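First up is the structure itself, then whatever we jot down about it.
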Amino acid sequence: MFERLRAEGQIVHYFPNPGNAGDALIMLAAVRLFSKYRVPYVIEKTLVGFNPAGKVVVYGGGGNLGSESSPAAEFLTHCNSKSSLSVLLPHTVTGCEQLLRSLGPGTVLYCREVPSYQHVVAHAGGCEIALAEDLALQLDAEEILTRSPPFSVAGRLLRRLFSDLANRPGRQALLPKGPTVSYFKDELLRTRTLYRGDCLICMRSDHERTPTPVPYGNWDLPARIPFAYEDVRSAEWACHTLLTRVKHYREVRTNRLHVTIAAALLGKSVRMYANSYYKNRAVFEFSLRHRFPCVQWEDS
177 MFERLRAEGQ
187 IVHYFPNPGN
197 AGDALIMLAA
207 VRLFSKYRVP
217 YVIEKTLVGF
227 NPAGKVVVYG
237 GGGNLGSESS
247 PAAEFLTHCN
257 SKSSLSVLLP
267 HTVTGCEQLL
277 RSLGPGTVLY
287 CREVPSYQHV
297 VAHAGGCEIA
307 LAEDLALQLD
317 AEEILTRSPP
327 FSVAGRLLRR
337 LFSDLANRPG
347 RQALLPKGPT
357 VSYFKDELLR
367 TRTLYRGDCL
377 ICMRSDHERT
387 PTPVPYGNWD
397 LPARIPFAYE
407 DVRSAEWACH
417 TLLTRVKHYR
427 EVRTNRLHVT
437 IAAALLGKSV
447 RMYANSYYKN
457 RAVFEFSLRH
467 RFPCVQWEDS
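Put into structure tokens, the structure is as follows:
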């Protein structure tokens with residue numbers, strides 16, 4: 177997909193997918209692949225005021241295309257039939273049938289597992305469709321860990337504080353919402369202990385959580401790591417922080433896809449569980465089962 181972008185001979189306008197530290201892994205993989213394939217790019221922060229006419233536009237991978245009002249859907253609607261090429265990097269896709277039918281031949285959708293691919297094939301209009309693995313699987317985890325983190329502890333805490341101050345009506349937050357005091361507590365206590373131990377339990381606490389009770393000692397790690405999605409240095413820090421935390425454990429039990437991927441890249445023993453819909457199992461079957469023997473699927 178990146179060779180094709182290079183062949184276009186234009187600057188790529190890249191819209192990262194907003195989210196948590198898992199999305200930071202995807203963003204860092206994307207910008208490194210842009211560099212590897214010598215694709216010139218600029219990171220765009222918002223669709224407001226952006227004119228896609230004649231441009232090559234790319235939306236970051238992830239699981240964001242699940243409703244017509246999602247940022248990924250807004251991107252496709254805004255750029256459809258206007259840009260010279262619109263690309264959705266490897267994504268999980270659910271619903272959005274009306275949007276899919278409207279997409280023309282200038283749009284390319286990459287699906288990161290088979291059920292999404294089948295869904296898009298069944299409902300898409302004239303767009304191109306392809307299967308591709310989640311971009312985070314392209315990262316070299318050990319190489320990331322050898323680099324010094326781009327922010328000091330004090331610096332990232334101040335970034336979080338200023339983010340919360342900026343997070344008010346009419347103002348775009350730089351980092352995900354969340355109580356600053358809680359983040360200070362996590363950072364100061366958990367950084368001191370480094371949370372070394374035998375097993376990291378990381379179950380989702382957001383809208384993709386399952387009805388299964390969260391076990392004692394759960395640490396929903398990606399949700400606790402600030403990530404400014406328009407900032408490459410922030411993505412580097414979020415990835416370094418996530419990988420550093422995971423590296424201290426022998427075993428990881430999680431229903432977070434990108435915690436699974438981070439742990440697998442580090443060679444950890446992983447027990448992977450379902451999230452609230454098919455995404456985790458589908459990515460496991462398509463990308464993880466045969467490549468990472470250290471990752472085992474758990475049905476309950």
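For what it's worth, the working numbering labels the leading residue of the sequence shown as 177, then goes sequentially. Beta carbons: idealized from backbone N, C-alpha and C, even for Gly. Since the model is a prediction, treat every value here as computed from it, not as a measurement.
Report all residues from its chain with a CB closer than 8 angstroms to the CB of residue i; omit the five preceding and five following residues, and keep chain order.
| i | result |
| --- | --- |
| V297 | I305 |
| Q294 | none |
| E179 | Y213 |
Given residue i, which residues of its chain have a CB within under 7 angstroms of its CB, disregarding the five upstream and five downstream residues?
| i | result |
| --- | --- |
| L204 | L315, A411, E412 and C415 |
| A200 | F403, A411, A414 and C415 |
| D220 | The sequence shown places Glu at residue 220, rather than the Asp named in the question. Closer than 7 angstroms at Cβ, skipping near neighbours: H189, Y190, F191 and F226. |
| R432 | G198, C378, R380 and P398 |
| A450 | T386, N431, N456 and R457 |
Taking its Cβ as the centre, do 16 or more other Cβ atoms sit within 10 Å of residue i, making it buried, or is it exposed?
| i | result |
| --- | --- |
| R288 | buried |
| E474 | exposed |
| Y235 | buried |
| S211 | exposed |
| D396 | buried |
| T283 | buried |
| H434 | buried |
| V269 | buried |
| V471 | buried |
| V292 | The question names Val, but residue 292 is Ser in the sequence shown. By the 10 Å Cβ count, S292 comes out buried. |
Answer yes or no: do residue i and residue j have a C-beta to C-beta separation smaller than 7 angstroms?
| i | j | result |
| --- | --- | --- |
| K258 | A229 | yes |
| A317 | L441 | yes |
| A399 | N196 | yes |
| S246 | C255 | no |
| R182 | Y217 | no |
| R426 | D374 | yes |
| V215 | Q186 | no |
| S452 | T388 | no |
| V224 | F462 | no |
Excluding the 5 residues preceding and the 5 following residue i in the sequence, name in chain order all residues of the same chain whose CB lies nearer than 6 angstroms to its CB.
| i | result |
| --- | --- |
| V408 | V207 |
| P391 | I377 |
| G237 | I202, L265, P266, H267 and L311 |
| A248 | Y235, N240 and L241 |
| A438 | L418, L419 and V422 |
| N193 | D199, G236, G238 and N240 |
| S476 | none |
| P325 | W413 and H416 |
| Y405 | P192 and P194 |
| K444 | V428 |
| F393 | This sequence places Gly at residue 393; Phe is not what is there. Cβ within range, chain order: I377. |
Measuring alpha carbon to alpha carbon, tell me which of the options ends up nearest residue i.
| i | options | result |
| --- | --- | --- |
| V467 | L313, L276, N240 and E179 | Reading off the sequence shown, one finds Arg at residue 467, where the question assumed Val. Ranking L313, L276, N240 and E179 by Cα distance to R467 puts L313 first. |
| C272 | P281, S260, E250 and V290 | E250 |
| S260 | T253, E244 and P281 | P281 |
| L275 | C303, M177, Y286 and V290 | C303 |
| Y454 | R465, E384, S445 and S243 | E384 |
| L321 | H424, P469 and A450 | H424 |
| Y286 | L209, M177, T253 and L252 | M177 |
Enumerate, from N- to C-terminal direction, the unbroken alpha helix (DSSP H) stretches of 4 or more residues contained entirely within the stretch 264-340.
As far as the stretch 264-340 is concerned, its whole alpha helix (DSSP H) runs of at least 4 residues are 273-278, 290-299 and 317-322.
Which runs of the beta strand (DSSP E) at least 3 residues long sit entirely within the stretch 184-229? Give them in chain order.
Fully enclosed beta strand (DSSP E) runs of 3 or longer: 188-191 and 217-219.
Contiguous alpha helix (DSSP H) assignments of at least 4 residues, all confined to the stretch 230-268:
Counting only runs of 4 or more, we get 247-255.
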